[in-house]
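Asks: So for the sequence shown, UniProt numbering puts the first residue at 1; every next one is plus one.
Even for Gly, the Cβ is constructed at its ideal location relative to N, Cα and C.
The following block contains the structure, expressed as structure tokens.
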Amino acid sequence: MNEGKLLQSEYSGKLKTIGEVARDLNVEQYVLRFWEEKFPQVNPIKRRGRRLYSQVDIDTLKYIKHLLYDKGYKIKGVQQELNKKTAKVSKNNNNMDHSIYKESLGRLLDEILNLRDNLLEKLNGM
């Protein structure tokens, strides 16, 4: 499987901003930023001061919210649950390094943002 197909499968669907994810989960943005600090499994792409969440990140955040708000877990308990879940996933995907694909996606995103900025400059100059 080539890198492009792996990128598509991992990031199938739209990347969402912190505002969109906060609204979807009905939590404040600062809560998401706090969860990022406490749970390294949530790792949005950070480019140009923006956080962009993949569907994998969003699903993890939903699970965190469920454990904290619905099940009454403490932060430590959620960390343990996520570590168990991560260990299972890493056994299944032990040869796949997702950081390579996140970095590639980040570079692609930078290129797209640069193209957009250039286009906006040209349009404003008309």
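According to the Cβ coordinates, are Ile-64 and Phe-39 closer than 8 Å?
Replies: In contact: Ile-64 and Phe-39 (Cβ atoms closer than 8 Å).
Asks: Leaving out five residues before and five after Trp-35 in sequence, what residues of the same chain have Cβ atoms less than 8 Å from its Cβ?
Replies: Correct list, in chain order: Val-42, Leu-61, Ile-64.
Asks: Does Tyr-73 come out as helix, strand or coil in the three-state DSSP assignment?
Replies: DSSP places Tyr-73 in coil when its eight states are reduced to three.
Asks: Could you tell me how far apart the beta carbons of Leu-52 and Lys-16 are, in whole angstroms, since I believe they sit closer than 8 Å?
Replies: Correct: roughly 7 Å between the Cβ atoms.
Asks: Could you tell me whether the Cβ atoms of Leu-113 and Arg-48 are closer together than 8 Å?
Replies: Yes, they are a contact pair.
Asks: Which residues mark the beginning and the end of the alpha helix (DSSP H) in which Arg-23 is found?
Replies: Segment 18-25, the alpha helix (DSSP H) holding Arg-23.
Asks: Is the distance from the Cβ of Pro-44 to the Cβ of Asp-59 below 8 Å?
Replies: Against a cut-off of 8 Å, the Cβ pair of Asp-59 and Pro-44 comes out as no contact.
Asks: Measuring straight from C-alpha to C-alpha, what distance separates Asp-70 and Lys-84?
Replies: Approximately 19 Å between the Cα atoms of the pair.
Asks: Output the distance between the C-alpha atoms of Leu-105 and Glu-111, rounded to the nearest integer angstrom.
Replies: Their backbone Cα atoms lie some 10 Å apart in a straight line.
Asks: Helix, strand or coil for Lys-84? Go by DSSP, reduced to three states.
Replies: Here Lys-84 sits in helix by DSSP.
Asks: So what does Ile-45 bridge to, in DSSP terms?
Replies: Beta-bridge pairing links Ile-45 to Leu-52.
Asks: Taking the C-alpha atoms as reference points, what is the distance between Asn-95 and Gln-55?
Replies: Reliability fails at Asn-95, whose pLDDT of 49 lies under 50, so the model's placement of it is uncertain and the value that follows must be treated cautiously. Their backbone Cα atoms lie some 21 Å apart in a straight line.
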